[in-house]
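Okay, structure first, notes after.
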Amino acid sequence: MSLELYQRKFIEWAIEQKALTFGTYTLKSGRVSPYFYDAAKFNKGSAFVTVGQFYADVLQNVELNYEVVFGSAYKGIPIALSTVNALMEKCNIDVAYSFNRKEKKIHGEGGNIVGAPLKGNVLIVDDVISVGTAIRECLKIVKENGANPVGIVIALDRQEKGTGEITVVQQIEQEYNLPVKTIINLDNIVQYITECGGYEEHLIMIEKYQNIYGVKK
Ligand SMILES: O=P(O)(O)OC[C@H]1O[C@H](OP(=O)(O)OP(=O)(O)O)[C@H](O)[C@@H]1O
């Protein structure tokens, strides 16, 4: 499948911002990955505004009804803020945002949710799904608060294998009966760097990684 223009633009931009890098990285799961996506690199005004526009573009092409955009602590937080900002700027859609604290606050307003109350239909945003721990935790938080998750948008699907012969993202879609929309996936990155040339060693390492942690094609 060919790369859509917005996917090409996103990959180019993420590489330029050093959010998408190639090398040797140990992930939270303990897996040693030949590439890494770090949304924390979108750490200035222009990048903050731009990242949300990519999420809003994805949302413009799906039919989802939600009143709150929920970001998972920590890196999902600026993504949620940037996404609601872009929805307002680009589409004149005014939705609330909310995010969790990793540690519950027992003084002042208390609790572990900051921003709009988690109720009604909620869209979850995060940067990446690898083995799915963070997104499952997010779904648990949303449900425990009595809200209804209606979909998930992430920037990158690493296409890692779930418990069967499907990816973690596909497994989450099935288990929770929810759409998971992504800006790009690993196949898109491979296609882009193959076309660019100069990434031959990284492509070999990515193929090895996919043979271990990806699904059979
Ligand atoms: O699918 P997973 O294996 O859970 O990996 C992906 C998650 O891991 C990272 O966050 P992390 O949990 O490191 O927290 P942070 O946002 O505070 O950095 C990343 O931002 C995702 O949320």
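Numbering (the UniProt record's numbering), first residue to last: 1 to 217.
Beta carbons: idealized from backbone N, C-alpha and C, even for Gly.
Of the residues the options, the one placed nearest residue i, counting alpha carbons only
i: Tyr35; options: Met205, Arg101, Gly214; result: Met205
i: Val129; options: Cys91, Lys41, Leu27, Met88; result: According to the sequence displayed, residue 129 carries Ile and not Val. When each option's Cα is compared against that of Ile129, the closest is Leu27.
i: residue 267; options: Asn145, Asn188, Lys208; result: Here the chain covers residues 1 to 217 and nothing more, so residue 267 does not appear.
i: Val51; options: Lys102, Ile77, His107, Gln170; result: Ile77
Unbroken beta strand (DSSP E) run spanning residue i, endpoints
i: Asp127; result: 121–129
i: Asn145; result: Premise fails: Asn145 is in no beta strand (DSSP E) and is neither H nor E.
i: Tyr25; result: 20–26
i: Tyr66; result: No beta strand (DSSP E) contains Tyr66, which DSSP labels as neither H nor E.
i: Tyr35; result: 32–37
Distance CB(residue i)-CB(residue j) smaller than 8 Å
i: Val69; j: Ala86; result: no
i: Val125; j: Thr182; result: no
i: Gln17; j: Ala47; result: yes
i: Val114; j: Glu165; result: no
i: Leu178; j: Ile152; result: yes
i: residue 232; j: Ala14; result: This structure gives no information on residue 232, because the portion of the chain shown stretches from 1 to 217.
i: Ala96; j: Glu67; result: yes
Delimiting residues of the alpha helix (DSSP H) encompassing residue i
i: Ala86; result: 76–91
i: Ser46; result: 45–60
i: Ala96; result: That residue, Ala96, is in no alpha helix (DSSP H); its beta strand (DSSP E) goes 96–105.
i: Phe10; result: 5–16
i: Val180; result: Unbroken run through Val180 is the beta strand (DSSP E), 180–185; no alpha helix (DSSP H).
i: Val168; result: 168–176
i: Tyr199; result: Segment: none, Tyr199 is in no alpha helix (DSSP H) and carries neither H nor E.
Assumed close pair residue i, residue j - CB separation to whole angstroms, cut-off 8 Å
i: Asn148; j: Gly111; result: Incorrect: roughly 19 Å between the Cβ atoms, too far for contact.
i: Asn65; j: Val150; result: 7 Å
i: Gly132; j: Ile93; result: About 28 Å separates the two Cβ atoms, so there is no contact after all.
i: Ile154; j: Val180; result: 7 Å
i: Ser72; j: Asn43; result: Incorrect: roughly 18 Å between the Cβ atoms, too far for contact.
i: Tyr192; j: Leu3; result: 6 Å
Beta carbon proximity, residue i to chain D, threshold 8 Å
i: Tyr35; result: The structure shown contains no chain D; it holds only a single protein chain.
Proximal residues to residue i (C-beta, below 6 Å), its chain only, five neighbours per side dropped
i: Phe54; result: Phe10, Ile183
Close Cβ partners of residue i (< 7 Å) along its chain, the five nearest in sequence each way excluded
i: Ala40; result: Lys75
Beta-carbon proximity list for residue i, same chain, < 8 Å, skipping 5 on both sides
i: Lys161; result: Thr167, Val168, Tyr213, Gly214, Val215
i: Leu118; result: Val68, Phe70, Ser98, Ile141, Val142, Asn145, Gly146, Ala147
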